[in-house]
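**Q**
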Amino acid sequence: MRVTQSMLSSTMLRNLSNSYNKMGQWQEQLSTGSKLLRPSDDPVGVTRAMGYRTQLAQNAQYDTNLDTASKWLDTTDTALGSLGSAMTRVQELITQAANDTNQTVDREKMLLEIKQIREEVYDIANTKIGDEYIFSGTRTSEPLYTKDAAGNSIVNPKATNAAPNTSGFESSFNVEIYNDITLDVNTTGAINMFGKLDIVFDKIEAALAGTNGVTSGADIGSILGGTNSPTDKAFETIQGSIDLLLSKRAEAGAKQNRVDMMSDRLAIQKEVLTKQQSNVEDVEYEEAITNMITQESIHRAALSVGGRIIQQTLVDFIR
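Taking full-length UniProt numbering, I'd label the letters of the sequence shown as residues 1 to 319.
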């Protein structure tokens, strides 16, 4: 086959064009730091990289959810701790009031302090994180306690007027902490817990005020042990209410431990996924620079040879 000047020129130009393209690819990789510039570069690698990005984005959302859960549980723990301290103080006052040496005026002073503690309990029941009430079930925009026309604290009518277990105040506030794994971060049944505390305070105030016929220290002391009535329930006594609060606080602590473990798990996953993503996407600069220099040398050699092959002037043709 006869090789013409035109064929030599076309072949050389095509090879030079390919050389330019290769140098352009290496240059683009070096400037962007990525070796996946377009899907055609590595279809399998692009698919894997997209999968890693999706998993990392999901884990970032779970991290955010875990942070929310941690804040709820920390706030709940603090609130329950304050409740426990308040009820312990009530227990101290009742123990003191059970002494027959106390006069009516002494018990009246204790009653005033207990009423103030009760108001503090209502304030704790309406604890918020931002604009959300942590003891209101799924009704996080509603306080658990409100004020009536006389200014007295009462359970939110929206909770008491609804059919049982339909108001949302008894419901769990769930947060998704991992794929299809949810954690209820509120104190389930908080409305019932505070209801039991209300019963305790009603008994105490009635006893100290003498409105229920209780006047002796022994009778007042029986409230402490819950022996003043055969209908008393375990959690409707002072010690019973303290035990209930300790149980709820332990539950919150166990949930916090689970959140911490899940956070550690996500941190490890993030490290692994990021490394895998980097292996697929990121340029190995040493390799890329070496390839770029090699391609430049090949390109210069091609230009030099091409300059000898292509006749560039009319004089070259008529020699």
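All residues carry an ideal CB built from backbone N, CA and C; glycine is no exception. Owing to the predicted nature of the structure, the values given are computational and were not obtained by experimental measurement.
Throw me the rounded Cβ distance for the ALA97 and LEU208 pair, which I believe falls under 8 angstroms.
**A** Indeed, because the Cβ distance is near 6 angstroms, the residues count as touching under 8 angstroms.
**Q** For GLU170 versus GLY210, is the C-beta distance shorter than 8 angstroms?
**A** No, these two residues do not count as a Cβ contact at 8 angstroms.
**Q** State the DSSP-derived secondary structure class of SER141, mapped to helix, strand or coil.
**A** Three-state DSSP puts SER141 in coil, outside helix and strand.
**Q** Bridge partners for ILE242 per DSSP, in chain order?
**A** ILE242 pairs with nothing; no bridge assigned.
**Q** Would you list the residues sitting across from TYR62 in a DSSP beta bridge?
**A** Paired residues: none, contrary to the question.
**Q** Bridge partners of ASP184, per DSSP?
**A** Partner(s): ASN174.
**Q** Do you know how far the Cα of ASP282 is from the Cα of LYS248?
**A** Approximately 49 angstroms between the Cα atoms of the pair.
**Q** Output needed for ILE114: all residues of its chain with C-beta closer than 8 angstroms, excluding positions within five of it in sequence on either side, in chain order.
**A** Within the same chain, ILE114 has close Cβ partners VAL90, LEU93, PHE201, ILE204, GLU205, LEU208.
**Q** Give me the Cα-Cα distance between ILE177 and THR75, rounded to the nearest whole angstrom.
**A** Straight-line Cα distance between these residues: approximately 18 angstroms.
**Q** How many angstroms separate the CA atom of ALA234 from the CA atom of LEU73?
**A** Confidence is the limiting factor: at ALA234 the pLDDT is only 46, short of 50, which leaves the residue's position unreliable and the question unanswerable from this model.
**Q** Decide yes or no for the touch test of the segment 100 to 116 against the segment 140 to 152: beta carbon pairs closer than 8 angstroms, at least 3 of them.
**A** In short, these stretches do not touch, since the Cβ pair count stays below three.
**Q** Determine the contact status of TYR52 and GLN295, defining contact as a CB-CB distance below 8 angstroms.
**A** Cβ atoms of TYR52 and GLN295: not closer than 8 angstroms.
**Q** Give a yes or no on contact between the segment 122 to 142 and the segment 237 to 255, applying the rule of three or more CB pairs nearer than 8 angstroms.
**A** No, because fewer than three Cβ pairs between the segment 122 to 142 and the segment 237 to 255 fall closer than 8 angstroms, the two stretches do not touch.
**Q** Rounded to the nearest angstrom, what separates ILE181 and THR54 at their Cα positions?
**A** Cα to Cα, the separation comes out at about 18 angstroms.
**Q** Alpha carbon to alpha carbon, what distance is there between ILE129 and PRO230?
**A** With a pLDDT of only 43 at PRO230, under the threshold of 50, the placement of this residue in the model should not be trusted, and no figure is reported.
**Q** Rounded to whole angstroms, what's the CA-CA distance from LEU56 to GLN269? Just pull it up for me.
**A** Distance between the alpha carbons of LEU56 and GLN269 is about 9 angstroms.
**Q** Residue range of the alpha helix (DSSP H) that ILE134 falls in?
**A** Where ILE134 is concerned, there is no enclosing alpha helix (DSSP H), given that its DSSP letter is neither H nor E.
**Q** Helix, strand or coil for ASP100? Go by DSSP, reduced to three states.
**A** Note: ASP100 maps to coil in three-state DSSP.
**Q** Measuring only from the beta carbon, is GLU281 closer than 7 angstroms to any heavy atom that is part of the ligand NAP?
**A** This structure lacks the ligand NAP, and indeed carries no ligand of any kind.
**Q** Going by beta carbon distance, what residues of the same chain come within less than 6 angstroms of SER70, once the five residues before and after it are set aside?
**A** Correct list, in chain order: VAL259.
**Q** Smallest Cα separation from ILE134: which of ILE154, GLY168, ARG118?
**A** Nearest option by C-alpha distance: GLY168.
**Q** Report all residues from its chain with a CB closer than 8 angstroms to the CB of MET23; omit the five preceding and five following residues, and keep chain order.
**A** Correct list, in chain order: MET292, GLN295, GLU296, HIS299.
**Q** Less than 8 angstroms separating the beta-carbons of LEU80 and ALA252?
**A** It is a contact, given that the beta carbons lie within the stated cut-off.
**Q** Quick one, which of ASN59, THR64, LEU66, PRO43 has its alpha-carbon nearest VAL272's?
**A** Taking only the C-alpha atoms, the option nearest VAL272 is ASN59.
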